[in-house]
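Below is one structure, written out as structure tokens, with a few remarks after it.
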Amino acid sequence: MKPRLKIYSFLKTAAIFMAVMFCFQTDLYAADSDLIQISSLDPSITKEIKYATEDNFMKEVLYDFDDCVLRRGTAQKLVNANRMLQKSGYKIKVFDCYRPLAVQRKMYARYPLKGFVADPARGSNHNRGAAVDCTIVKLSGEAVEMPSEYDEFSERSYHNYPAQEPMKTHRKILRDAMVQSGFTTISKEWWHYDDSDIAAYSLEEYFPEEFR
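Numbering-wise (this note's numbering), the sequence shown opens with residue 1492 and increments by one.
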């Protein structure tokens, strides 16, 4: 082979290699701590971000974004739970994911309810992007009954509340899928799940609109 052809062949091979590396560099260097939109991993997960509307316990719009942003590791656990639920005819619907610290302060100032609203001095795991509030719906998107409304501050929200059927079963279906996928529960909110690897994530203050 002539020298000029050898150089051309080498450059062509190098260009192909660089193109392939560029395509995969996001996955190669992605970390579990990266913040990511859940829709980029699993668009079948339904979203109804309550704090982007007035339909919440504060009765006002608190977010200027309506997407679910989580740590990559947390998001992957949620995707795993959703896939598990789909085998039983359900899927996940999220109400809240990452929550800005400024919003946490506002919530706590109005409702400093221990066990329901976290003290912003310590921070909520939502402020770490490693907690999710969710429920289940049918694959068609049809709602199913749960023991209480989302963000209801009553004993009906407790995991051990003696709910009637089918609400009790629906609560268990959600809990089983989430726990088996790497989440932990809190006793007073059937909808709230923390990433079991929460210790790896610090409090975050960023602008979710960057993910639009």
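Beta carbons: idealized from backbone N, C-alpha and C, even for Gly. The structure presented is a predicted model; accordingly, all values stated were derived computationally and were not measured.
Contact with chain B by residue i, beta-carbon distance below 8 Å
{"i": "N1547", "result": "You won't find chain B in this structure, because it holds only one protein chain."}
Close-in-space but distant-in-sequence residues of the same chain around residue i (CB under 8 Å, 5 per side omitted)
{"i": "I1664", "result": "L1576, S1579, Y1581 and I1627"}
{"i": "S1678", "result": "G1606, Y1649, H1650 and N1651"}
{"i": "P1603", "result": "D1610"}
Integer-rounded CB distance, given that residue j should sit under 8 Å from residue i
{"i": "N1616", "j": "I1689", "result": "6 Å"}
{"i": "C1588", "j": "I1529", "result": "7 Å"}
{"i": "P1591", "j": "E1696", "result": "7 Å"}
{"i": "R1662", "j": "A1668", "result": "Rounded, the Cβ-Cβ distance is 11 Å, inconsistent with contact."}
Simplified DSSP assignment, three categories, for residue i
{"i": "T1544", "result": "coil"}
{"i": "I1536", "result": "coil"}
{"i": "F1513", "result": "With a pLDDT of 37 at F1513, under the threshold of 50, the modelled position of this residue cannot be trusted, and the question is left open."}
Beta-carbon proximity list for residue i, same chain, < 7 Å, skipping 5 on both sides
{"i": "A1543", "result": "V1552, Y1554, F1556 and D1557"}
{"i": "Y1692", "result": "S1524, R1562, R1619, G1620 and A1621"}
{"i": "A1634", "result": "V1628"}
{"i": "D1533", "result": "V1570 and N1573"}
{"i": "G1632", "result": "T1537"}
Neighbourhood of residue i by C-beta, 6 Å cutoff - its chain only, sequence neighbours within 5 removed
{"i": "M1598", "result": "V1608"}
{"i": "T1675", "result": "D1685 and S1687"}
{"i": "I1540", "result": "D1557"}
{"i": "V1594", "result": "L1553"}
{"i": "R1647", "result": "P1638 and S1639"}
{"i": "L1526", "result": "V1560 and G1620"}
Worksheet item: Quick one: complete beta strand (DSSP E) runs, 3+ long, within the stretch 1554–1633?
Response: DSSP runs (the beta strand (DSSP E)) wholly in the stretch 1554–1633: 1560–1562, 1581–1587 and 1622–1629.
Worksheet item: Which runs of the beta strand (DSSP E) spanning at least 3 residues fall entirely within the stretch 1642–1701, listed in chain order?
Response: Within the stretch 1642–1701, the runs of beta strand (DSSP E) at least 3 residues long that lie entirely inside it are, in chain order, 1674–1677 and 1680–1686.
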